[in-house]
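Numbering (the numbering used here), first residue to last: -11 to 322. Just so it is clear, CB atoms sit at the ideal spot from N, CA and C, and this is done for glycine as well. Since this is a predicted model, take the numbers as computed values, not measurements. Shown next, in structure tokens, is the structure this report addresses.
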């Protein structure tokens, strides 16, 4: 698709900042997500097929803008560390919205399948960024690059548009979409056992002393994500997933920032605390009690606030250091 991207990059006016191109692509997916959530706030409703066609188009639009922002930056000689950070940061941010769109498209509903989709996405993306941080090289397999992944997601959305959302409700999905399945419940509790987490963390750290990073936070956050994901089955699904996903996006963005700046990534973040609190209180209060609903909304508000503060601080710091503007083209030297 390089010829197509090169052609699109040449259509962008030179006075448009590369980060503006990235942001416009991001807003396209957000618009599609808002339309979807309007029809399917709890992921249990049937959505008009045209919504998935729109989301497929928006996703292709996002892929195009994400691919040409760097080309536009090089064409206008506005490449910078901020552009790389902004690009990868929005990629991390958009993962949640893509997961929700695909979960609804495949009619997985408010189930453990939906949780697994989000967990697998963030585990693979975090490990990819972590490898890039350690080796200073971002590598993809032959069939698992972002381009192939997005094209596959677009295929799923177009298939759902043609065949209908209900076409995904096969016997396999019907059997395993039982949210009260005790096997799944204790499987997730097993992963959140403190002793298991400590053993895994110690083993990994002992076997990887040569790496210039402490990533025990990765194990801890994955464990708390697994634990907290089972506690609020009947509260609105979007809120439940949003708090976990925003926290993971924050971790990924900070790791990207550490790689770009050559700094040591921290091993603990205050943004972990709300999820740990929810994991503890789930054993005390009823899932649908008022206290749990209040805690869920408070957790989401706290995490979003932390993420916005972190993003603003990072962008401001990079702009001040490099003497550039985030959404303005650097003037040419006479």
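Item, Value
"Using only CA atoms, which one of 82, 101, 68 lies nearest to residue 312?", "68"
"Which of the three DSSP states is assigned to residue 35 in this structure?", "coil"
"Please classify residue 84 as buried or exposed, where buried requires at least 16 other C-beta atoms within 10 Å of its C-beta.", "buried"
"Just checking, does the stretch -1 to 17 make contact with the stretch 51 to 61 on the three C-beta pairs under 8 Å criterion?", "yes"
"Taking only runs that begin and end inside the stretch 14 to 94, name each unbroken beta strand (DSSP E) of 3 or more residues, in chain order.", "none"
"Quick one: grab the DSSP three-state call for residue 315.", "coil"
"When the Cα atoms are used, what is the spatial distance from residue 57 to residue 154?", "37 Å"
"Let me confirm a value: residue 133 is counted as buried when at least 16 other C-beta atoms fall within 10 Å, else exposed. Which label applies?", "exposed"
"Quick one: grab the DSSP three-state call for residue 96.", "coil"
"Please classify residue 309 as buried or exposed, where buried requires at least 16 neighbouring CB atoms within 10 angstroms.", "exposed"
"Just verifying my parser: in three-state terms, what is the DSSP assignment at residue 5?", "coil"
"Assign residue 119 to one of three DSSP states: helix, strand, or coil.", "helix"
"For residue 199, I'd like the list of residues in its chain whose CB is within less than 8 Å of its CB, leaving aside the five on either flank, ordered along the chain.", "A caution first: residue 199 carries a pLDDT of 38, below 50, which makes its placement in the model too unreliable to give a value."
"Measuring straight from C-alpha to C-alpha, what distance separates residue 94 and residue 65?", "42 Å"
"What number of angstroms, rounded off, separates the C-alpha of residue 120 from the C-alpha of residue 315?", "26 Å"
"Between residue 139 and residue 48, what straight-line distance do the alpha-carbon atoms span, to the nearest angstrom?", "8 Å"
"Taking the straight line between their C-alpha atoms, what separation do you get for residue 37 and residue 27?", "11 Å"
"Let's test the definition: count the other Cβ atoms within 10 Å of the Cβ of residue 296 and tell me whether it reaches 16, buried, or not, exposed.", "exposed"
"Starting from the C-beta of residue 70, find all residues in its chain whose C-beta is less than 8 Å away, skip the five residues before and the five after it, and write them out in chain order.", "7, 303, 306, 307, 310, 312, 314"
"Would you please state the rounded distance, in angstroms, between the beta carbons of residue 44 and residue 145? I believe it to be under 8 Å.", "4 Å"
"With a cut-off of 8 Å on the beta carbons, I'd call residue 20 and residue 42 a contact; round off their distance for me.", "6 Å"
"DSSP three-state label for residue 298, please.", "helix"
"Quick check on DSSP: helix, strand or coil for residue 0?", "coil"
"Taking its Cβ as the centre, do 16 or more other Cβ atoms sit within 10 Å of residue 293, making it buried, or is it exposed?", "exposed"
"Checking 9 Å against the spacing of the C-beta atoms, do residue 76 and residue 117 come in under that value?", "yes"
"In the DSSP assignment, find the unbroken alpha helix (DSSP H) run with residue 151 in it and report its ends.", "134 to 151"
"Measuring straight from C-alpha to C-alpha, what distance separates residue 137 and residue 301?", "31 Å"
"In whole angstroms, give me the CA-to-CA distance for residue 102 and residue 114.", "18 Å"
"Can you check which of these residues, 18, 109, 34, 4, is closest to residue 148 by C-alpha distance?", "34"
"Whose C-beta lies closer than 8 Å to the C-beta of residue 92 among residues of the same chain, with five residues either side of it excluded?", "24, 28, 31, 35, 153"
"Considering only their Cβ atoms, is the gap separating residue 4 from residue 317 smaller than 9 Å?", "yes"
"Between the C-alpha atoms of residue 18 and residue 279, what's the straight-line distance to the nearest angstrom?", "30 Å"
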